[in-house]
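Chains as they are written, first to last, in our numbering: chain A, 30 to 397; chain B, 7 to 187; chain C, 304 to 449; chain D, 492 to 861.
Using N, Cα and C, we set each Cβ at its ideal position, and we do this for glycine too.
Quick caveat: nothing in here was measured; it's all calculated off a predicted structure.
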Amino acid sequence: MPIKTEPFYLNLGPQHPSTHGVFRLRVELDGEVIVNVEPIIGYLHRGIEKLAETRTYTQVIPLTDRLDYVASMTNNLAYCLSVEKLAGIKVPERAEYLRVIFSELMRLANHFLAIGAFLNDCGALATPLIYMWREREKIVDLCEMTCGQRLLFNYMRVGGVSQDVPEEFMPALKKFVAEMPKFIGEYEQLIKQNEIFLARTKGVGILPKETAINIGASGPVLRGSGVNWDIRKKDPYSIYERFDFEVPTGEVGDCYDRFWVRLREMRQSVRILEQAIVQIPAKGPIRADVPQFFRPPAGEAYGHIEAPKGNLGFYVVSDGSIAPYRVHIFPPSLINVTALADMAIGWKVADLIIVFGSIDVVLGEIDR
Amino acid sequence: MKFERYGIGIAKGMALTLKHLFRPPLTVQYPDEKLVVSKRIRGNELVWFPDRCTGCGTCTKACLQGNIILVTHRGEPNKFIVDKFELDSGRCIFCGLCVESCPYDALAMGLEYECAKYRRGETILDKDKLKLTDQHQPSAYYRPQFAAGLPKQSLLIYDKKDGGQKLNLFPLSKRKRGPGA
Amino acid sequence: MTVVTSGEDLAKKIAEAIPGSVISSDKTSVMVDAAKLAQVAEFLKNTPGLDFNYLNFATAVDYIDYFELVYRLLSMEHNHSLVLKTRCYDRENPTVPSIVSLWRGAYFQEREMFDMFGIKFEGHPDLRRLLTWEGFKGYPLRRDYL
Amino acid sequence: MTLLDQFQKMLMTAGLPDWAAYLVPALVGIILIIAVSLTLVIIFIWWERRLLGRFQLRLGPNRCGPEGILQPVATGLKLLLKEDIVPAKADKILHFLAPIVVFVPVLMIFAVVPVSEGAILANLNIGIVYVIAISSISTIGIFMAAWGSSNKFALISGMRTVAQMVSYELPVVLSIVGVGLVTGSFSMLSIVQAQSIPFILLMPLGGVIFFLGCLAEMNRSPFDLLEADSEIVAGYHTEYSGMKFAMFFMGEYGVALAYSAVIATLFLGGWSGPLLPPVIWFLIKVVLVFSFTVWMRATLPRLRVDQLMSFAWKGLLPMAVINLVIIAIEVLVVPASMLWLMVILNFAFAAVLVLLWSRLFTLGGGRVEV
């Protein structure tokens, strides 16, 4: 006769060291084995979609900064792309290059934080996090030099970027790009072959290819499962078709693959940056002639980009007035979290944490 | 999962951390050591130039928080006189859209960033507090004309000789103590 | 480059398979009858040559007279996309069939639409509020919510 | 003849009654040990934070006192002033007793640690067994804290602790038996005296097993599962604040210090060393061992609980048994004058065993069907 047991409910969050924000997980446990996981979100809901309906098209840009605050320039870019599509605005050449440079810098910045926090979740006591932070600080320095702030950049504008980079930017960027591969190599040395890390991540939290597609996962989560899908390649926006880079994919779809995809993506980002530095025109307009209070024609547009976390889309509906009629934000983190239960059930509490860490979510984006 | 590499991976990682033991620290001791901020910093206080302001109100329209209060009355023909120009730095999100929108360059972001206040009322910046003084200087955000005299930003990416962040290897006992030293 | 499939061509195919489902169509989108949304979605997902196996996003727009639900579907195999729309005219008790059984990615998005617009999805496994709390009054993203 | 015995003898010849001659040296010794070990614990807390800071490209505490050495004192004062919160549903008695049960045995370990020739509080002939026995009591304290604070994170932590401590006791004891075989005694003094070559060279595998076991016993990374802060917040002391938390904290570092001292004594030759006075040598070795654990903590991720268990039962335990058998045979066969032969043989056996285990042994289970 089996012993009568009752499930053990554990409430991880909203205040928990490894939930990367105010995220709550209601976990049903059998011993330490996870029987069920239910994500409960909304603790950071600020109603950005509603706020955007009463702002002008330009004024929405600072709001988009607050979505994925780890890589906020990519949010600006996605929004600007959709509004440009709506209004049919052509962006100048130099601005396109600056956009690519900054979105790749943001990808690096995001992956630094993602990998660092992931390793921190594995229990490596902040050391990798701080090593990654060192490189991230350099990126943030570059952004501060350009647009005056370190977190919420508000740099992209509809029709270009807000202002040109200062003259000391390019040398600093070149130096950064030159020394970056060495540091990525160091991270690989630090953790890639570490037996404990491999034991913790290999085969843990497998997301099969079919499930990944079915739940609409994107970004490293989808590519870690072995699906070669990168919007930069498959549906190039901005000027990404001019760059030569590869899309790294994983094999099994476990936590290690997602980590490894991110690390290789960082190398590819450096490659794109190297090419962009060479190709960028030295002088030129950086902003199309767009008035501050402009009225795009009535209609709707969907602009999406390959944000560091996945497919970030903005669905903008205009009624021809000064403010957007509706702005829908499609955040990659929210959809990737759908996969959490698939990946974590049957594993232990410790695995749940690293599976969650390997998805790489930002709560500003999930809750909006 | 097997221990296939006999711990070589662990040894490699430990070698790397040992190497980092002899690298300069990343952090700075904030009140004692201060980094130079960007020339374009969107600091915590704005600077307003009354003689350039025409009272057109573009900044108030550009502000997504509705944070700038501008009251004018008609003076001479075709000229507005600004009675009240006020903003609450507690509500401001420092996006810089007002500075960007000003057609007469009458508004600039400030350089200051240590602007903690004890009372909520003190965060309101009126005409006097927004004026240009020696302590209250504009930054070069969207105003490249102010960039000339400002010190170079200290960047982590530069070495010490490039005028970047000052890093010393073993910073034991070589620090000055006390605020602002 | 993701090919935007012509809504007009696709509308013919859909109308052949499921008569009476297509209301209108233009170059990029197909508007279908809300009652037959699930059948159309299944047709789009499972028909060879279309294979819309990836739900890009699902959202709703409140046009005061009606709610417009927008689904952007994508086929990873053929790299083409389609915007599927449907309208829901009932404001008091808007009901639309759920597509969670086809694309699980809609799980959170349908919950969010329920939360923000009050649109009920028939067949959704766990239709609760997502971002606001239980017991929240009103539906924030409706145009008449202040 | 320990220093305390000499003191006792001196007092007796000075004409004190027997009970006083026995009590006074004991009290002096106990107070000395407690004072010195607590001071060392404070210094070690500072040293760990400082060193960890440097590993992580930070500075670590550097404000209180010279180079921040008074930071642990400041932390202690802060904790002393904090409100002592007891959860409403907590088992008050267990919640109160747990820090004491954790902290006191830690101090008791220092009784048998020889600092230099004869400088030992109690020269037990089973000294090292005493260490193992006493340090196991802390497990009960941790479990009391975990159960008593009626917190789910703490409960998970308590379960993990008990499993971990009990499992790692075995390889630790088995590797100690090897030391006992070579020395012919379990007394800490005679173990140090027997080390003409440090035992880490004589029995490398035993040393490594003992070190790993000790890491698990003192809950340091990569075996710090019971307070895995990224998973179960702070483990068993989630619900503790104020001075009770400070006692856990001190207890944790006290165990780290004690085990560093035991490792230094058993495998690194204790106080023996050329030129410098024995106490300095001993401290250098303790600091080295401790710094090594800090270094590991700065680098390594944490193991999962099932991996931890299988590492103990399938990895360390069989290796320790085989190692013990090998050493026993060597002690019988190899003459005492030819210890260098034993060194070579043991290094060869260690290499073979590690190679073999890295092929045979799998670390932990996988997904559980639920």
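For this session: Find out if the Cβ-Cβ distance for the pair residue 229 of chain A, residue 383 of chain A is shorter than 8 Å.
Result: yes
Problem set entry | Environment of residue 49 of chain B [buried if 16+ CB atoms lie within 10 Å] | buried
For this session: Below 7 Å CB to CB, which residues in the same chain sit around residue 515 of chain D once its five sequence neighbours on both sides are set aside?
Result: 502
Exercise. How far does the alpha helix (DSSP H) with residue 743 of chain D in it reach, from first residue to last?
Worked result: 733-758
For this session: Compute the beta-carbon to beta-carbon distance between residue 77 of chain A and residue 373 of chain A, rounded to the nearest angstrom, for a pair I have assumed lies under 8 Å.
Result: About 29 Å; that fails the 8 Å criterion.
Exercise. Is residue 513 of chain D helix, strand or coil by DSSP?
Worked result: helix
Exercise. How is the alpha helix (DSSP H) around residue 400 of chain C delimited, first residue to last?
Worked result: Run containing residue 400 of chain C: none in the alpha helix (DSSP H); it sits in the beta strand (DSSP E), 398-400.
Exercise. What's the gap between the Cα of residue 687 of chain D and the Cα of residue 608 of chain D?
Worked result: 15 Å
Exercise. With distances taken between CB atoms, is the gap from residue 123 of chain A to residue 309 of chain A smaller than 8 Å?
Worked result: yes
Problem set entry | Cβ shell of residue 646 of chain D (< 8 Å), same chain only, five flanking positions each side left out | 637 and 638
Exercise. Can you find a C-beta in chain C that's less than 8 Å from the C-beta of residue 263 of chain A?
Worked result: yes
Exercise. At a Cβ threshold of 8 Å, is residue 46 of chain A touching chain D?
Worked result: yes
Exercise. Going by the beta-carbon positions, is the gap between residue 165 of chain A and residue 138 of chain A smaller than 8 Å?
Worked result: yes
Problem set entry | Closest by C-alpha distance to residue 54 of chain A, when choosing among A:370, A:397, A:391 and A:389 | A:370
Exercise. Going by other Cβ atoms of all chains shown within 10 Å of its Cβ, with 16 needed for buried, is residue 108 of chain B buried or exposed?
Worked result: buried
For this session: Take residue 375 of chain C and list the residues in its own chain whose beta-carbon comes closer than 7 Å to its own, dropping the five residues that flank it on each side.
Result: 359, 360, 384 and 386
For this session: Using a Cβ cut-off of 8 Å (strictly closer), state whether residue 353 of chain C contacts chain A.
Result: no
For this session: Could you check which residue in A:58, A:263, A:79 and A:152 has the C-alpha nearest to that of residue 711 of chain D?
Result: A:152
Exercise. What in chain A is Cβ-close to residue 421 of chain C, meaning under 7 Å?
Worked result: Neighbours of residue 421 of chain C on chain A: none; closest Cβ ~14 Å, over 7 Å.
Exercise. Grouping DSSP H, G and I as helix and E and B as strand, with all else coil, what is residue 377 of chain A?
Worked result: strand
Problem set entry | For residue 68 of chain A, three-class secondary structure by DSSP | strand
Exercise. Per the contact definition of three or more C-beta pairs closer than 8 Å, is the segment 583-598 of chain D in contact with the segment 609-623 of chain D?
Worked result: no
For this session: Just list the alpha helix (DSSP H) runs in the segment 649-710 of chain D, keeping only unbroken ones of 4 residues or longer that don't cross its boundaries, in chain order.
Result: 679-685, 690-693 and 695-708
Exercise. In terms of DSSP beta bridges, what is residue 94 of chain B paired with?
Worked result: B:130
Exercise. Is residue 187 of chain B helix, strand or coil by DSSP?
Worked result: Residue placement at residue 187 of chain B is flagged as unreliable, the pLDDT there being 32, under the threshold of 50; the coordinate-derived value follows with that caveat. Note: residue 187 of chain B maps to coil in three-state DSSP.
Exercise. What residue does the alpha helix (DSSP H) around residue 69 of chain B start on, and which one ends it?
Worked result: Element bounds for residue 69 of chain B: n/a, residue is neither H nor E.
Exercise. With a cut-off of 8 Å, does the C-beta of residue 305 of chain C fall near any C-beta of chain A?
Worked result: yes
For this session: Determine the extent of the beta strand (DSSP E) in which residue 503 of chain D is found, giving its start and end residues.
Result: Unbroken run through residue 503 of chain D is the alpha helix (DSSP H), 494-504; no beta strand (DSSP E).
Problem set entry | Boundaries (first-last residue) of the alpha helix (DSSP H) holding residue 124 of chain B | Neither: residue 124 of chain B is in no alpha helix (DSSP H) and is coded neither H nor E.
Exercise. Roughly how many angstroms lie between the CA atoms of residue 42 of chain B and residue 103 of chain B, to the nearest whole one?
Worked result: 24 Å
For this session: Using a threshold of 8 Å, state whether the C-beta atoms of residue 71 of chain A and residue 396 of chain A are closer than that.
Result: yes
For this session: Could you confirm whether any beta carbon from chain A is found closer than 8 Å to the beta carbon of residue 357 of chain C?
Result: yes
For this session: Name, going along the chain, the residues of the segment 516-544 of chain D whose beta-carbon falls closer than 7 Å to a beta-carbon of chain B.
Result: none
Exercise. How many Å lie between residue 821 of chain D and residue 811 of chain D at the Cα?
Worked result: 15 Å
Exercise. Which chain A residues are close to residue 712 of chain D, counting only those with a beta carbon under 9 Å from its beta carbon?
Worked result: 152, 153 and 154
For this session: Give the single residue among A:303, A:314, A:298 and A:290 whose Cα lies nearest to the Cα of residue 190 of chain A.
Result: A:314
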